[in-house]
Amino acid sequence: MFAVIGGSGMAQLSCLEISHRQIIRTPYGEPSGPFTFGKVNNHEIVFLARHGHGHTIPPHLINYRANIWALKTLKPKHVIAVAAVGGIHDDLVPGSLIIPDQIIDYTHSRDFTFFDSRDEPVTHIDFTRPYSPETRALILKAANRAGEAVIDGGVYAATQGPRLETAAEINRLAHDGADMVGMTGMPEAALAREQALNYAALAVVANHAAGRGTNTDVISLKEIFTILDETMAHVRNILEHLVNCYGD
Ligand code: HPA
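Taking the working numbering, the leading residue of the sequence shown gets 16, the next gets one more, and so forth.
Okay, here's the thing in structure tokens:
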């Protein structure tokens, strides 16, 4: 079974024939909402809206540990994290889709690990390649089959939010090697690795990052949501091909 975590612009998966919803309690508290189970062309899929059903949970208040812990109990083969980002690299114009292959963490004050007990052996995880190469490859193949253009690889900078960045901060992220910026990539990716989930992200460029492209002075939030609305049809097309071609 595939699991999809929907980000901004994707509070539900409209191609899903819903069978049931399940609330999962965790030792870490409440996930963002109930898990929605259903089928896309007869293939099972489970969906979670990262920001809650009504898009009410801001990035820094998402209970990432509860979300990932609950997902792990469902034993999905792959987890696809859909995430809105701002484009820093010139190629990442609004409406483009990208499968990041690296991440830099600028977040703080979030519960970022399952290994924070003083009573258990110290545990480190390898995070050289933060996204599952197998899951990335599947998304890429599905996108090709769906006839959707996606950019293969890029560095995701995870910022704290909920405010957008200053132009100077974006220059700094670019200097650090970041191609895109979003607020939810971490600790989600690291927690997924701690739970040994096959996890990868499909990022949707919603806007030029602050100071880039046409956004030299101000970023229009209205435009962000318009672009996300338009682009989600392409994301759904990729997900449908993904489960059709590679689902159980
Ligand atoms: N910055 C951070 N997160 C984002 C952006 C951005 O410009 N656009 C969409 N998510």
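No residue lacks a Cβ here, since even glycine has one placed at the ideal position from N, Cα and C. All of these numbers come straight from a predicted model, not from anything done at the bench.
- Task: Anything with a beta carbon under 7 Å from a heavy atom of the ligand HPA counts; list them all in chain order.
- Result: Listed along the chain, these residues meet the criterion: Ser23, Ala99, Val100, Gly101, Thr174, Gly176, Leu179, Glu180, Val196, Gly197, Met198, Ala221, Asn222, Ala224, Ala225, Ile234, Ile239.
- CB Gly228 to CB Phe17, shorter than 7 Å? Going by C-beta atoms, Gly228 is not nearer than 7 Å to Phe17.
- Query: Straight-line CA distance for Pro145 to Glu45?
  - Reply: Cα to Cα, Pro145 sits roughly 25 Å from Glu45.
- How about the region 76 to 89 and the region 193 to 206: do they share at least three Cβ pairs that are nearer than 8 Å? Inter-segment contact for the region 76 to 89 and the region 193 to 206 is present: three or more beta-carbon pairs are separated by less than 8 Å.
- When the Cα atoms are used, what is the spatial distance from Val233 to Ala225? For Val233 and Ala225, the gap between their C-alpha atoms comes out near 7 Å.
- Query: By the 10 Å Cβ neighbour count, where 16 or more other Cβ atoms means buried, how is Arg133 classified, buried or exposed?
  - Reply: Using a 10 angstroms sphere on the CB of Arg133, the tally of other CB atoms stays under 16, which defines it as exposed.
- Reducing DSSP to helix, strand and coil, say where Asp191 ends up. In the structure shown, the three-state DSSP call for Asp191 is helix.
- Query: What are the residues that DSSP puts in a beta bridge with Phe265?
  - Reply: With the chain covering 16 to 263 only, the question about residue 265 has no answer from this structure.
- Message: On a Cα-Cα basis, can you pick out the residue from Ile113, Lys156, Tyr43, Ile154 that is closest to Leu86?
- Response: Answer by Cα proximity: Tyr43.
- Query: What is the rounded straight-line gap between the Cα of Asp106 and the Cα of Pro136?
  - Reply: In this structure, the straight-line span from the alpha carbon of Asp106 to that of Pro136 is close to 45 Å.
- Task: For Thr41, write down the residues that DSSP places opposite it in a beta bridge.
- Result: Gly44.
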